[in-house]
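Student: Residue numbers (full-length UniProt numbering): 1 to 689. Cβ atoms here follow ideal geometry from the backbone N, Cα and C, with glycine treated the same way. Remember, it's a predicted structure, so these values are computed and weren't measured experimentally.
1) Which same chain residues end up closer than 7 Å to residue 466 when comparing Cβ atoms and leaving out the 5 residues on each side of it in sequence?
2) So residue 353 is in the alpha helix (DSSP H); what residue range does that whole segment cover?
3) Quick one: grab the DSSP three-state call for residue 315.
4) Using alpha carbons as the reference points, say which of 310, 293 and 644 lies closest to residue 589.
5) Are there three or more Cβ pairs, one per stretch, closer than 8 Å when the segment 389 to 399 is compared with the segment 297 to 304?
6) Identify every run of the alpha helix (DSSP H) within the segment 606 to 675, keeping only runs that are complete inside it and at least 4 residues long; order them along the chain.
7) Which residue wins for smallest C-alpha separation from residue 539, given the options 522, 516, 554 and 566?
8) Report the residue ranges of all beta strand (DSSP E) runs contained in full by the segment 373 to 456; include only those spanning at least 3 residues, in chain order.
9) According to DSSP, simplified to helix, strand and coil, what is residue 481?
10) Taking only the alpha-carbon atoms, compute the straight-line gap between residue 582 and residue 230 and give it to the nearest angstrom.
11) What span of residues does the alpha helix (DSSP H) with residue 99 cover, start to end?
12) Measuring only the C-alpha atoms, how far is residue 631 from residue 447?
13) For residue 362, which residues of its own chain have a beta-carbon under 7 Å away from its beta-carbon, when the five flanking residues on both sides are left out?
14) Sort 351, 422 and 364 by Cα distance to residue 381 and report the nearest one.
15) Where does residue 367 sit, in a helix, a strand or coil, going by DSSP?
16) Could you pull the start and end residues of the alpha helix (DSSP H) that residue 530 belongs to?
17) Could you tell me the boundaries of the alpha helix (DSSP H) in which residue 296 lies?
18) In this structure, how does DSSP classify residue 586 when only helix, strand and coil are distinguished?
19) The alpha helix (DSSP H) that contains residue 570, what's its start and end?
20) Counting C-beta neighbours from all protein chains within 10 Å, is the total for residue 651 16 or more, i.e. buried, or is it exposed?
21) Give the range of the alpha helix (DSSP H) segment to which residue 118 is assigned.
22) Write down the C-beta distance between residue 620 and residue 402 rounded to the nearest angstrom, noting that I regard them as a contact closer than 8 Å.
23) Inspect the beta-carbon positions of residue 598 and residue 571 and report whether they are closer than 8 Å.
24) If residue 500 sits next to residue 587, beta carbons under 8 Å apart, how far is it from one beta carbon to the other, in whole angstroms?
25) Taking C-alpha atoms, which residue in 161, 430, 458 and 484 lies nearest to residue 473?
26) Assuming residue 226 is part of the alpha helix (DSSP H), what are its boundary residues?
27) Who are the near neighbours of residue 123 in its chain, counting only those whose CB is closer than 6 Å to its CB and skipping five residues on each side?
28) Considering residue 678, what are the terminal residues of the alpha helix (DSSP H) in which it resides?
29) With a 10 Å radius around its C-beta and 16 neighbouring C-beta atoms as the bar for buried, classify residue 535 as buried or exposed.
30) Just to confirm, are residue 218 and residue 462 a CB contact at a threshold of 8 Å?
31) Are the beta-carbon atoms of residue 352 and residue 293 separated by less than 8 Å?
32) According to DSSP, is residue 215 helix, strand or coil?
33) Helix, strand or coil, according to DSSP, for residue 475 in the structure here?
34) Straight-line CA distance for residue 213 to residue 409?
35) Using a Cβ-Cβ cutoff of less than 6 Å, which residues in the same chain neighbour residue 221 once the five nearest sequence positions on both sides are dropped?
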């Protein structure tokens, strides 16, 4: 009924407008439907509201009538104002839900399309876009803004990714003194994942580590110290020692990991525990680091199946991304960390990939390792031994070696060997107790990998190994699906024979060497190489260096590594001949053989560095071959300068320059350079200048 009354009122108003007075026409102008028209309450006032003096003079005849008219007009004006206020208040409630036509008429609208009035009068019923509809998200404007925001977000993520990649590349290539780069400026809005990045102190490379109290006969420290002792006895004491190039003391022993100490001390209390470092990695980075580990480490020691690790990495990364999107990132100090065994294996695999890429020193790897260090310590020392933990612990030892902490690697792998012995994995009946075939396969791989690495790092440090061949079941299955690992097992058995020959207790000057012992073992070594499968054997080191894009890249690398192992074990065998001038004189062919092997190794390492990135990519691994060769040349030139100085000069400086060049861009090479740089000062006095 109200709507019908409003329509009738509109019709009456329309019919009376033509007969209105000029003033009424002016009033009617206030209802103009043009877009510029003002609202109803701002229309011109009615005639009765005008000043009376404008229509009448000041005569007394009309005074009474004038007063009565004023009172009547006043009452009418008050009634009209009250009615207008009431009408405006009522109509204002419906303006926000009215169509354009009803808004213009200031009448009630039911909000439908078409509304009741427009439908009755056959008018076009339109609403202001996005004014009162609930489907705003379906509009074109909303979609355009959403698309633009998505594009901007993608651009920001791309910029952050490029900046992170550039920073990592700079860390790999920049000089060591400039390794710590500033984080992005505070004017840049950080990403959600970037909020958890923790600043680390700039590493100090001058902090010396206490030298090991004992250096075994196969270590580089033992060989170099023997040569220096001879020079000291000849009157060349302290030549080239005491200061480094910056005026600081020279420490022949490697310095500790620079990032390790600030993080370990003081310990982090549970209330201040940082967020798990895995939150800083996306899926692509996790998968890429797993692939780096497989290419550089897993190809030699297959203690895990990398496909299962990558699958877990993808699952975990998806979960982390979902948590970030939903605002479920744990605040600093309240994160318990992700510490199941699969995630611990993923973390240590990523640690290995990071230290390979950053040449032995990676702050991200240190953060990841610190998040699992308590778990590692428990599994090594206090927790009940479990077969499934062995691959993880073997990877921890590998990470320590790749971080240039060979002593720590030797300690950990020795404990892993003891855990294997505790489980009986060195015997067939011990393996038979493992019901699951996959677990049995992993246990066998872990045992043989630990056996090889235990023997390997014992020779590198000169410290005894744990697994004795007499205690291992001779019929224990071999990992036949991995020919390189099988070759290294038989190689390690030969190493045990060499160890018994070179690990003596008498002074070198009074020790009698039996040439037949050396010839017999050298013959066994050459026979071993003849039995190596053809796919991992190469005739000589004069062949080309494999290119990463080549079809047989992995196979050729295995061939090179096997041949370098052949040279290295023969160098270990013949090095005792160089321990004194008298033994060199009595066994000159053996001494010459050791020098020739060392020179061949150095020439090939230099050629490899000049023609490919193999050496620079995994410097810790290749340094072990180079250091053995350098020590042999220095020892031979010290005890027999007339015979060897001239023929060793070129390769000696070739090796020094190789290490010095890489030390400007690699932390691990800088540590090696600090160990061998003092040899350069002795060189002129040995005829090597």
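Tutor: Based on what the coordinates show:
1) Cβ neighbours of residue 466 beyond the five flanking positions: 414, 417, 418 and 454.
2) 341 to 357 is the extent of the alpha helix (DSSP H) around residue 353.
3) Looking at residue 315 - three-state DSSP - the assignment turns out to be helix.
4) The shortest C-alpha separation from residue 589 is found at 644.
5) Of all C-beta pairs linking the segment 389 to 399 to the segment 297 to 304, three or more are shorter than 8 Å, placing the two stretches in contact.
6) With a minimum length of 4 residues, the continuous alpha helix (DSSP H) runs that stay inside the segment 606 to 675 are 614 to 617, 619 to 639 and 641 to 663.
7) Comparing Cα positions, the closest option is 566.
8) As far as the segment 373 to 456 is concerned, it has no whole beta strand (DSSP E) run of at least 3 residues.
9) Here residue 481 sits in coil by DSSP.
10) Each residue's Cα considered, the two are about 13 Å apart.
11) In the DSSP assignment, residue 99 falls outside any alpha helix (DSSP H) and carries neither an H nor an E.
12) Distance between the alpha carbons of residue 631 and residue 447 is about 32 Å.
13) Around residue 362: 354 and 355.
14) Taking only the C-alpha atoms, the option nearest residue 381 is 422.
15) Residue 367: helix per DSSP, three-state reduction.
16) Looking at the DSSP string, the run of the alpha helix (DSSP H) that includes residue 530 is 515 to 531.
17) Looking at the DSSP string, residue 296 is not in any alpha helix (DSSP H), and its letter there is neither H nor E.
18) The answer is helix: DSSP assigns residue 586 an H, G or I state.
19) Its alpha helix (DSSP H) spans residues 553 to 574.
20) The residue is buried, with at least 16 neighbouring Cβ atoms inside 10 Å.
21) Segment 116 to 120, the alpha helix (DSSP H) holding residue 118.
22) Yes, they are in contact, since the Cβ atoms of residue 620 and residue 402 sit about 5 Å apart, within 8 Å.
23) Yes, they are a contact pair.
24) Actually they do not touch by this definition, with Cβ atoms about 19 Å apart.
25) Ranking the options by Cα distance to residue 473, first place goes to 430.
26) First-last of the alpha helix (DSSP H) with residue 226: 220 to 233.
27) Close CB contacts of residue 123 within its chain, under the 6 Å cut and outside five residues either way in sequence, are with 101 (chain order).
28) Here the alpha helix (DSSP H) through residue 678 covers 678 to 682.
29) Label assigned to residue 535: exposed.
30) Yes, Cβ-Cβ distance for residue 218 and residue 462 is below 8 Å.
31) Against a cut-off of 8 Å, the Cβ pair of residue 293 and residue 352 comes out as a contact.
32) Coil, per DSSP.
33) Here residue 475 sits in coil by DSSP.
34) In a straight line, the C-alpha of residue 213 is about 17 Å away from that of residue 409.
35) Once the five neighbours on either side are set aside, the close Cβ partners of residue 221 are 215.
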